[in-house]
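Reviewing the structure listed below.
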Amino acid sequence: MINDLLEKSDFDLSGQLNGEVKALSPDNPGAIARTISVAENHPDLYAKFSDAIHKQAEASTAPVLGITGTGGSGKSSTVDELIRRFLLDFPEKRLGIISVDPSKRKTGGALLGDRIRMNSIRGERVYMRSLATRQSNLALSKHVKEAVSILKAAGFDLIILETSGIGQSDTEILDHSDVSLYIMTPEFG
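Under the numbering used here, the letters of the sequence shown match residues 1468 to 1656, in that order.
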């Protein structure tokens, strides 16, 4: 019986958009999630809506803070503390987070390790989305630009973009953020 229920309820929601683009708002995390999923998994469908989303995103004044650094340097802990302080200091503001995680070797999905360490993301004023790099040796997903545009179009007041962990020579985050923050471990150079 349980298997039958699971089989009947197992269908792909990411291949369709039914008004989500018009409903993009910090108050509608489901519409944001589905729109990012379509951008990530169905670029041909997303292309039909991308002009409207990019037009809305261009009207946004929300800054994008890019956070990068080596693996294990404390990026997620720093982001968690920034979220906590943002929520305390700006009670009317909304925060969107794109956290790029390394990919699992077998499935290609995000490991989602950043969510485990972040205690401040639970709340109505915070939206967090993890994206997988989908390739080894990359700090960002190739869908970061679309995800940031969707969060801007939704009307968030600040967007934080966290990389999966990189070396000092990787500057990819600069292309997607207004301000970047490089976090490094002590005695690392």
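Even glycine gets a Cβ: it sits at the ideal position worked out from N, Cα and C. Model, not experiment: these values are computed from the prediction.
Between L1648 and G1541, the C-beta gap is not smaller than 8 Å, which leaves the two residues out of contact.
Taking the CA atoms as reference points, M1651 sits about 13 Å from T1630. Contact fails between the stretch 1544-1561 and the stretch 1508-1526, because fewer than three Cβ pairs, one in each stretch, are under 8 Å apart. For L1555, the enclosing alpha helix (DSSP H) covers residues K1542 to D1556. A1529 and G1538 have their C-alpha atoms spaced approximately 27 Å apart. When the five nearest sequence neighbours on each side are left out, the beta carbons in the same chain lying within less than 6 Å of the beta carbon of I1640 are those of G1533, T1535, T1630 and S1647, in order along the chain.
Beta-carbon to beta-carbon, L1618 and I1565 are separated by about 7 Å, close enough to satisfy the 8 Å threshold.
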